[in-house]
Structures are given as C-alpha cells and as structure tokens.
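Let me begin by presenting the structure, written as structure tokens, before commenting on it.
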C-alpha cells in the first residue's frame, strides 16, 4: 500500500472563519518504508495570519510574500496524494482545510478528498490505544521514543516526518504472543485465548537463511537504543541484556 503522511499549517482556525492553508508537507511510505519522496510548499493565503497561529508555526505574513497560491500547486499536490492512504494527526482539521482550498478554486470534484484517498487519523488511533492519556504528537514521540528534539515550532514537513516515525513505531511492534500452532477460524468466536496444539518442525527441514545486520543497520539500532535510553532515563532492556551477557 502507498501511504502519504500529511500535515498543514494555516493562518488560524476555524476554516469557516476564512482561514487558509499556508504550508503543506507530505512524505511517502511504501511497504512500511519511507521512500524519500515528499511534497512541500509554502503558500500565499491572501490574508493575514492570526498572532496565535504565528506563535505556533512561526510563519510570518512577510515570509509568505511571493509564495505561490494554492491554485498554482493544486494539480501537483492532488497527483501526489491521489489513490493513497493519507495518514494525518487530527485528520478532520487538515482535511477540512484541504477540501476548502479545492472548493475555493471551483474544483468541486476534488473538494472531498476522502473520495480519492483513504484517511487514517492517528489521533483517533492513539486515543483508542491510550485512553485517558495525552495523545498529542509530542506526547506520542515521548511514549514511543521518537526523536522530536528539532521541533521547536510546528512545521508541516517536519511534523509529517515525525508523524511517519510515530506511525511506523506505533503500528510495527508485535502486540500479542501466541504459542498456538493453528488458531483456526474460531479465533474470532471466543477462541482467541485458546492455544491449539503446538506443531513441531521436522528436524529434516531445510535450515533457514541467516541474514545478518549490516554496519549501517547496527548503527541505526544503536542510535535507537540511545533515544530510548534518553526518553526512559536509563538504558534500554536490550542494552542491559547485552551488557549482562558480555560479563
């Protein structure tokens, strides 16, 4: 599946008060891997930004002078997101603004992007997984050990890159352990907690291929352990086990 992690910054809120998009940032994920492709643009909104909004994203009216208007990038943006799964934190906000921008252009066939993309709201996902807890992007970064140290202000491209890391971490781990050899169709009918007989592999089977981590992968692993240690205030369990084994 092709996914696009998306974020916007605006002149303020709500969209019904005439506020506009001033920045769009998107990063592409295919097969749970960031491809390096992205879409990023600052936009001239033809109106002033609220002081409160500038305090959040730091994008001034002066900075936006001479930037393209949404109509100039609408086709390129639509082609980038079309047919993808959009991954957005608090999707209702961003989707509402995007739909409004297309509607203002008179492009009513594009004014409901849910007709062209599926939409996954990571805020709703986080609330389901962590009810009663803070589920802002910063809170999720802390919870999942994602480095957001460069996020002094909100920025659409930076936030979409951070959200991509959060989403992949939040959805990539093993959430349950079953020793069942064959759960069968009954798992969905109250049989999820009933392990069936364990199936032993034949000693005559062909051995599996061993793929060892490369130097770059080991370096990335070590960097991740350091992030976890910084977030947790102590060494990660993996590090503790490795040190104990070396003694």
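Residue numbers (the numbering used here): 2 to 248. Every residue, glycine too, gets a C-beta built ideally from N, C-alpha and C. From a predicted model like this one, the values you see are computed outputs, not experimental measurements.
query: Under a three-way DSSP split, which group does residue 86 fall into?
result: Looking at residue 86 - three-state DSSP - the assignment turns out to be strand.
message: I'd like to check one pair, residue 58 with residue 23: are the Cβ atoms closer than 9 Å?
response: In this structure, residue 58 lies closer than 9 Å to residue 23 by Cβ.
message: Closest to residue 43 by C-alpha separation, out of 165, 231, 66, would be which residue?
response: With distances taken between Cα atoms, residue 43 lies closest to 66.
query: So does the stretch 143-162 actually touch the stretch 109-125, counting three or more Cβ pairs closer than 8 Å?
result: At 8 Å Cβ cutoff, the stretches do not touch.
field: Secondary structure of residue 6, DSSP reduced to three states
entry: In the three-state reduction of the DSSP assignment, residue 6 falls in the strand class.
Segment limits, alpha helix (DSSP H) that includes residue 118: First-last for residue 118: undefined, no H or E at that position.
field: Among 25, 160, 129, 52, nearest to residue 102 - alpha-carbon criterion
entry: Selected option, being the one with the closest Cα: 25.
message: Can you tell me whether residue 53 is helix, strand or coil according to DSSP?
response: Correct three-state label for residue 53: helix.
task: Would you mind reading off the limits of the alpha helix (DSSP H) that contains residue 222?
output: From DSSP, the alpha helix (DSSP H) with residue 222 extends over 216-233.
query: Going along the chain, which unbroken runs of the beta strand (DSSP E) with 3 or more residues stay wholly within the stretch 122-149?
result: Qualifying beta strand (DSSP E) stretches: none in this window.
task: Go to residue 22, then tell me how far its beta strand (DSSP E) extends in each direction, as first and last residue.
output: First-last of the beta strand (DSSP E) with residue 22: 22-31.
query: Can you tell me whether residue 99 is buried or exposed, with buried defined as 16 or more other CB within 10 angstroms of its CB?
result: A buried status is given to residue 99, since no fewer than 16 other beta-carbon atoms sit within 10 Å of its beta-carbon.
message: Rounding to the nearest angstrom, what Cα-Cα distance links residue 30 and residue 158 in this structure?
response: Rounded to whole angstroms, residue 30 to residue 158 spans 14 Å at the Cα level.
- request: Specify, as a first and last residue, the run of the beta strand (DSSP E) that residue 37 falls within.
  value: Here the beta strand (DSSP E) through residue 37 covers 34-43.
query: Is it the case that the Cβ atoms of residue 84 and residue 118 are separated by a distance below 9 Å?
result: Closer than 9 Å, so yes.
task: Have a look at 240, 215, 160, 110 and flag the residue whose alpha-carbon is nearest the alpha-carbon of residue 76.
output: Taking each of 240, 215, 160, 110 in turn and checking the Cα distance to residue 76, the smallest one comes out for 110.
message: Which residues does DSSP list as the beta-bridge partners of residue 11?
response: Per DSSP, 22.
message: Using a Cβ-Cβ cutoff of less than 6 Å, which residues in the same chain neighbour residue 82 once the five nearest sequence positions on both sides are dropped?
response: The residues are 5, 118.
For residue 37 and residue 230, the rounded distance between their alpha carbons: Taking the straight line from one Cα to the other gives about 28 Å.
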